[in-house]
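Respectively, the protein sequence lines represent chains A and B.
Start counting the first sequence at 1; every next residue gets the next number (this note's numbering).
Start counting the second sequence at 341; every next residue gets the next number (this note's numbering).
Positions of the beta carbon are idealized from the N, C-alpha and C atoms, including for glycine.
Input: a single structure, listed below in structure tokens.
There are 2 protein chains.
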Amino acid sequence: MTNKLPDIAVLGATGVVGREILNILEEEKIKYNSIKFLASSRSAGTTIEFNGEKHTVIEANENVFDDIDICLASAGGETSKKYAPIAAKKHCVYIDNSSAFRMDDNVPLVIAGVNDDDLKMHKGIIANPNCSTSQLMLPLKALHDKYKVKRMIVSTYQAVSGAGLKAINELTDNTKTNLVGMPFEPSAFKYEIAFNVIPQIDSFVENGYTKEEMKVTNETRKILHLPQEVKISCTAVRVPVYIGHSEAVSVEFEKDVNLDEARELLKNTWGVELRDDISTYTYPTPKDAAGKNPVYVGRMRKSIAFDNGLDFFCVADNLRIGAALNTVRIAKKVIEMNLY
Amino acid sequence: MTNKLPDIAVLGATGVVGREILNILEEEKIKYNSIKFLASSRSAGTTIEFNGEKHTVIEANENVFDDIDICLASAGGETSKKYAPIAAKKHCVYIDNSSAFRMDDNVPLVIAGVNDDDLKMHKGIIANPNCSTSQLMLPLKALHDKYKVKRMIVSTYQAVSGAGLKAINELTDNTKTNLVGMPFEPSAFKYEIAFNVIPQIDSFVENGYTKEEMKVTNETRKILHLPQEVKISCTAVRVPVYIGHSEAVSVEFEKDVNLDEARELLKNTWGVELRDDISTYTYPTPKDAAGKNPVYVGRMRKSIAFDNGLDFFCVADNLRIGAALNTVRIAKKVIEMNLY
């Protein structure tokens, strides 16, 4: 039996990711019975245009979830900790962009097209992985199915939009200030981000890695159902780019890797677009990936550091596959699979 | 017996690295009998101020090396291929910044303070390593002596000044153009570098790596006298930074690594400055390293990808330790060791 069309809400509708969720809901032509736009009291009352109609943003509160089937939430960890359990209790499927529930054993952590079956065990909350993990999962899953990941080392080149609107504006202000040779006092970042790179994203944990780096390790394991023996490490670095995360990835596999075969595999992987022809200097850059849906992969080569290894460079729009796009894709799957 | 004070020349004196060589020759108070400034016909005749005196730049030619003992050259591979053998034949020690002779078995490839003894086998030409390799050698040598490097994976975040004056100006022009929302046609780079990263530096070789990446592999092996079994790979990426290369480095060692001991080791390594205290968000960034001599190391942590591994982030002024500073330091060693 098919459910009725869902009543949908977007929580955090006025934020950087929230606005991208609206764009993608339009693009993907998601069908719904009703749609509401929720935000904090600060943004409530403002007007949003969606599918050609004007909507007033409503202040989020406990009661709003009574008549919502699916909530696409991008309002930060604290808001999700407060509302996700309430929504779940009220039979609203809460798709959460924050890190609050990602490692909860009762919460599926899903990249649409990678581990959709995990959605079936949801108990009201579904988590969207961290941006750095998300974009890597589509190519990595295909390679893992064929060659079995044994070890992976990732270095990231992450855009400022991952840190929100304030960070985007700070890159502009900092850049303009530098260009006229004036000093600049950063506030969204700990150090100047203009014409600089900052080797810290999120706070540090006890082993000296950052939370951002450990997310790549832990979320990758959870999404691909990898055992603890698989070793994964990451260095996460902020770069002066507006949109588009890049990752230099070195993977060691259990099985023999054939480069042409691996290329063919990724060429045929849903959600991935190979941009990989060194004879024509074809490889992805964040500027090309911004505003687009695919995860772009280039610079594929047999690793000279591992016997059965591959190196590649993976680029995607961090606001899309890393956040809004996957949230909408999860909602779409939840609807298709009648999981609301 | 001590030689007379040397007659010195700087070849490529008007380039980005050449000008830095002049600054450092002044700072390091190198003693010489005479000094000449050489360049191509294009720059010959211009005036340079050095140690408070005005000098006219002389056009380089074969005969100029007759009465020069040490030539600090930063004029590109083609110029060095032409002049280095001539200089050597005329008993002028040619210290070369280009890649032309680096992998030549008859040419020592030296980082001052790392493998000075290799200078003794010079036959007139001494090579200065590539910038990405250079900055890594000072910390790596200390760690290698103690723990023995087995495998290393490097991802670089390289400044545009490594590509010369045209690239520096292009970053500025590209950035200004982007800030007013106008299109920009790159010429120094294959793609726009402003608010972007480009995963290609130098041309590609057959195995899919770039020359820049293979330099890290091959030059590291030569400088540290590592056997072929030691596996090294690199992904070299250009970032929109003016000065200062950064490197995310993962090293696997033969022996057990103790983090505190490794930190202590680097704290006491000549040429290295530890900037590593996550409790105070202390780690290096290229903006801090620009214009300074040390190789800065931070983000030190036990690797969670290797059993005996260390991860760290290494930042240095690419025009200094990566080029001009090491050239001058080599000249200083050549003088001290009476090798001219």
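So is proline 479 (chain B) in contact with chain A if we call contact Cβ pairs under 7 Å? no
Starting from the beta carbon of tyrosine 497 (chain B), find every residue of chain A whose beta carbon is closer than 8 Å, and list them in chain order. Tyr157, Val197, Val237, Val239
If you check the beta carbons only, do lysine 36 (chain A) and alanine 75 (chain A) fall under 7 Å apart? no
Between the stretch 318-334 of chain A and the stretch 382-390 of chain B, do at least 3 Cβ pairs fall closer than 8 Å? no
Taking 7 Å as the threshold (beta carbon to beta carbon), is glutamate 192 (chain A) in contact with chain B? yes
State buried or exposed for glutamine 158 (chain A), treating a residue as buried only when at least 16 other CB atoms are found within 10 Å of its CB. buried
Whose C-alpha, out of A:Asn97, A:Lys31, A:Asp69, is nearest the C-alpha of leucine 325 (chain A)? A:Asn97
Against chain A, with Cβ distances strictly below 7 Å, would threonine 625 (chain B) count as a contact? yes
Could you please tell me which residues of the stretch 516-529 of chain B, in chain order, have their CB closer than 8 Å to any CB of chain A? Lys516, Leu519
Just curious, the beta strand (DSSP E) that histidine 144 (chain A) is in, first and last residue? Segment 131-147 is the alpha helix (DSSP H) holding histidine 144 (chain A); no beta strand (DSSP E) there.
Integer Cβ distance of isoleucine 95 (chain A) from asparagine 128 (chain A), believed to fall under 8 Å: 6 Å
When burial is assigned at 16 or more other CB atoms within 10 Å of the CB, is tyrosine 281 (chain A) buried or exposed? exposed
Go ahead and pull the three-state DSSP assignment for serine 40 (chain A). coil
Quick check on DSSP: helix, strand or coil for valine 357 (chain B)? helix
Identify whether valine 160 (chain A) lies in helix, strand or coil by the three-state DSSP scheme. helix
Is there contact here, the stretch 267-275 of chain A with the stretch 180-195 of chain A, by at least three beta-carbon pairs under 8 Å? no
For the stretch 206-225 of chain A, which residues have a beta carbon sitting closer than 8 Å to at least one beta carbon of chain B? Asn207, Gly208, Tyr209, Thr217
Alpha-carbon spacing of methionine 1 (chain A) relative to isoleucine 335 (chain A), whole angstroms: Because methionine 1 (chain A) sits at a pLDDT of 49, beneath the cut-off of 50, its placement in the model cannot be relied upon, and the following sentence gives the value as read from the coordinates. The straight-line gap from Cα to Cα measures roughly 12 Å.
Could you pull out every residue in the same chain whose Cβ sits closer than 6 Å to the Cβ of glycine 638 (chain B), ignoring the five residues on either side in sequence? Arg615, Asp616, Tyr623, Pro624, Phe653
Neighbouring residues, chain B, relative to phenylalanine 204 (chain A) (Cβ below 7 Å): Ile618
Selected residue, minimal CA-CA separation from valine 93 (chain A), among A:Asn169, A:Val114, A:Pro6: A:Pro6
Could I get the ranges of all uninterrupted alpha helix (DSSP H) runs contained in the stretch 267-306 of chain A, with 4 residues as the minimum, in chain order? 286-289
If the cut is a Cβ gap below 9 Å, which residues of chain B does arginine 151 (chain A) touch? Ala645, Phe646
Leaving out the 5 sequence neighbours to the left and right, which residues in its chain are closer than 6 Å to lysine 222 (chain A) when beta-carbon positions are compared? Leu109
Short-range partners of chain A found in the stretch 648-660 of chain B, where Cβ spacing is below 7 Å: Asp651, Phe653
Is lysine 231 (chain A) close to chain B? Criterion is C-beta to C-beta, closer than 7 Å. yes
Segment limits, alpha helix (DSSP H) that includes aspartate 681 (chain B): For residue 681 (chain B) there is no data in the structure shown, the boundaries of chain B being 341 and 680.
Relative to the C-alpha of glutamine 200 (chain A), which candidate in A:Glu206, A:Ala194, A:Asn207, A:Glu213 has its C-alpha closest? A:Glu213
If you measure from the beta carbon of serine 586 (chain B) to each beta carbon in chain E, is any gap under 7 Å? Reference to chain E is not applicable here, since the protein chains of this structure are A and B.
CB contact below 7 Å: serine 43 (chain A) versus chain B: no
Apart from the five residues on each side of it in sequence, which residues of its chain come closer than 6 Å, Cβ to Cβ, to histidine 395 (chain B)? Phe377, Ile388
Starting from glutamate 393 (chain B), follow the alpha helix (DSSP H) in both directions and report where the run begins and ends. It is not in any alpha helix (DSSP H) - glutamate 393 (chain B) instead sits in the beta strand (DSSP E) that spans 393-396.
Interface residues of chain A around arginine 641 (chain B) at Cβ under 8 Å? Asn207, Gly208, Tyr209
Serine 590 (chain B) touches chain A at which residues, Cβ-Cβ below 7 Å? Ile153, Ser233
Closer than 7 Å at the beta carbon, the chain A residues around tyrosine 621 (chain B): Lys190, Gln200
Taking DSSP as the reference, what is the three-state secondary structure of phenylalanine 313 (chain A)? strand
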